[in-house]
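*Asks:*
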Amino acid sequence: MAPGQHPLLQLPSFLYGLYPSVIQKTHKEGLRCGEQYRKDGSFPVPPQMLEVSPGEVVLTHGVADFRHEQPVWRLYMVSNVMSGMYEALNWQNTLPVDDLYEAFCRESAWGALYFATSQDAPRSAERTALRLQAVLRFWEPLQSMRYLFKTLGPSLTLDELMVASCGWAMDAWCPGGETPVLSRLKTAAERMARATREDSLEAILRQMPRALAYARDLKHRAVVADPSFQRERLAALEPSAFERVSGACTADLLEKLYDWEHELGLH
Numbered sequence: 067m068a069p070g071q072h073p074l075l076q077l078p079s080f081l082y083g084l085y086p087s088v089i090q091k092t093h094k095e096g097l098r099c100g101e102q103y104r105k106d107g108s109f110p111v112p113p114q115m116l117e118v119s120p121g122e123v124v125l126t127h128g129v130a131d132f133r134h135e136q137p138v139w140r141l142y143m144v145s146n147v148m149s150g151m152y153e154a155l156n157w158q159n160t161l162p163v164d165d166l167y168e169a170f171c172r173e174s175a176w177g178a179l180y181f182a183t184s185q186d187a188p189r190s191a192e193r194t195a196l197r198l199q200a201v202l203r204f205w206e207p208l209q210s211m212r213y214l215f216k217t218l219g220p221s222l223t224l225d226e227l228m229v230a231s232c233g234w235a236m237d238a239w240c241p242g243g244e245t246p247v248l249s250r251l252k253t254a255a256e257r258m259a260r261a262t263r264e265d266s267l268e269a270i271l272r273q274m275p276r277a278l279a280y281a282r283d284l285k286h287r288a289v290v291a292d293p294s295f296q297r298e299r300l301a302a303l304e305p306s307a308f309e310r311v312s313g314a315c316t317a318d319l320l321e322k323l324y325d326w327e328h329e330l331g332l333h
């Protein structure tokens, strides 16, 4: 490999093509995965992998997919594979299947990137650490691509994609934007992997101002914005409820702010 080149990335063929074709292929793959899971509790490897040309654009979010008439890589369509899998399982016991399928996918570059950028629930500190660590394992081949996320415009580098999709994790767990993205991701993943409840509490409090900036029509804003109030409410959460917000994802914290707003309105 020439200096400066990255290893070639391979993606499942069912993620490439015209929009209707990818819908059909990913659904078929989901049914195949569900049928094998029912038989022996495992998942099949993709039937065909294709090398992606360096610099080729990969769509990582449906919001940016306005190229239905063009054959492109549609990574976000892994979600359609999962829907097909649920259908094959008659939509029963999907949560444990979710966990197992994600763990299976994180062993591949495409799966690692999908789960890191899609931010499917749960977004606990432990789960987010696993997602970030998976992306870091495949950092070099993933750098060879360009990406579209939630906005149209110039395609993004891997660094830019991770800031757009996982910036909240870096802000909460590795404050200081001057450090290179790769270093911040590594630090954030390490800290999340070994986080105590108190570590998560401090990370959540660091992220609360960001969540508040997105909150609208809060009648009790002064109360829910008070760090002492936030700390008290967070400390009172049962372990399972706290685990759900322990990653300090902005979307989860925004939901918690509205929960508190609702509770205050009842009194």
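Using the numbering used here, the letters of the sequence shown map in sequence onto residues 67 to 333.
Here a beta-carbon is modelled for each residue, glycine too, at the ideal position from N, C-alpha and C.
Could you give the DSSP three-state label for Pro-241: helix, strand or coil?
*Replies:* Looking at Pro-241 - three-state DSSP - the assignment turns out to be coil, as it is neither helix nor strand.
*Asks:* Skipping 5 residues on each side, what residues in its chain have a beta carbon closer than 8 Å to that of Arg-212?
*Replies:* Within the same chain, Arg-212 has close Cβ partners Gly-121, Glu-122, Val-123, Val-124, Ser-221, Leu-222 and Thr-223.
*Asks:* Give me, in chain order, the residues of the same chain whose beta-carbon lies closer than 7 Å to that of Pro-69; leave out the 5 immediate sequence neighbours on both sides.
*Replies:* Only weak support is given to the placement of Pro-69: the predicted model assigns it a pLDDT of 47, under 50, and the value that follows is read from those uncertain coordinates. Hits under 7 Å: none found.
*Asks:* In this structure, does DSSP put Met-86 in helix, strand or coil?
*Replies:* It is worth fixing the name first, because residue 86 is Pro in this sequence and not Met. Pro-86 falls in the helix class under three-state DSSP.
*Asks:* How about Tyr-142 and Ser-210: do their beta carbons lie closer than 9 Å?
*Replies:* Against a cut-off of 9 Å, the Cβ pair of Ser-210 and Tyr-142 comes out as no contact.
*Asks:* Within the same chain, show all residues whose beta-carbon is closer than 6 Å to that of Met-67, passing over the 5 residues directly before and after it, in chain order.
*Replies:* Low per-residue confidence applies at Met-67: pLDDT is 47, beneath 50, and the placement is therefore not dependable enough to give any value.
*Asks:* Please classify Thr-194: is it buried, with 16 or more other beta-carbons within 10 angstroms of its beta-carbon, or exposed?
*Replies:* Thr-194 is buried by the Cβ-count criterion.
*Asks:* DSSP state of Leu-198, grouped into three classes?
*Replies:* Leu-198: helix per DSSP, three-state reduction.
*Asks:* If you follow the alpha helix (DSSP H) that Gln-296 is part of, which residue opens it and which one closes it?
*Replies:* 293-301 is the extent of the alpha helix (DSSP H) around Gln-296.
*Asks:* Less than 9 Å between CB atoms is the rule here; does Pro-305 satisfy it with respect to chain D?
*Replies:* Included in the structure is just one protein chain, with no chain D present.
*Asks:* What whole-angstrom Cβ distance do Pro-198 and Ala-254 have, given they're in contact under 8 Å?
*Replies:* The sequence shown places Leu at residue 198, rather than the Pro named in the question. Going by Cβ atoms, the distance from Leu-198 to Ala-254 rounds to 6 Å, so yes, they are a contact pair.
*Asks:* From what residue to what residue does the beta strand (DSSP E) around Glu-117 run?
*Replies:* Where Glu-117 is concerned, the enclosing beta strand (DSSP E) stretches over 115-118.
*Asks:* Report, in whole angstroms, the separation of the C-beta atoms of Gly-96 and Ala-154, which I expect to be a contact under 8 Å.
*Replies:* Right, their Cβ atoms sit about 7 Å apart.
*Asks:* Taking Pro-113 as the reference, give the member of Gln-158, Tyr-152, Val-129 and Gln-76 with the closest Cα.
*Replies:* Among Gln-158, Tyr-152, Val-129 and Gln-76, the Cα nearest to that of Pro-113 belongs to Gln-76.
*Asks:* Output the residue ranges of the alpha helix (DSSP H) runs that lie fully inside the segment 79-164 and measure 4 residues or longer, sorted by chain position.
*Replies:* Listed in chain order, they are 85-106 and 144-154.
*Asks:* Check for me: the beta strand (DSSP E) holding Arg-212 runs from which residue to which?
*Replies:* Note, Arg-212: beta strand (DSSP E), 212-214.
*Asks:* What is the rounded straight-line gap between the Cα of Leu-300 and the Cα of Arg-203?
*Replies:* So the two alpha carbons sit approximately 33 Å from each other.
*Asks:* Classify Glu-327 as helix, strand or coil using the three-state DSSP reduction.
*Replies:* Three-state result, Glu-327: helix.
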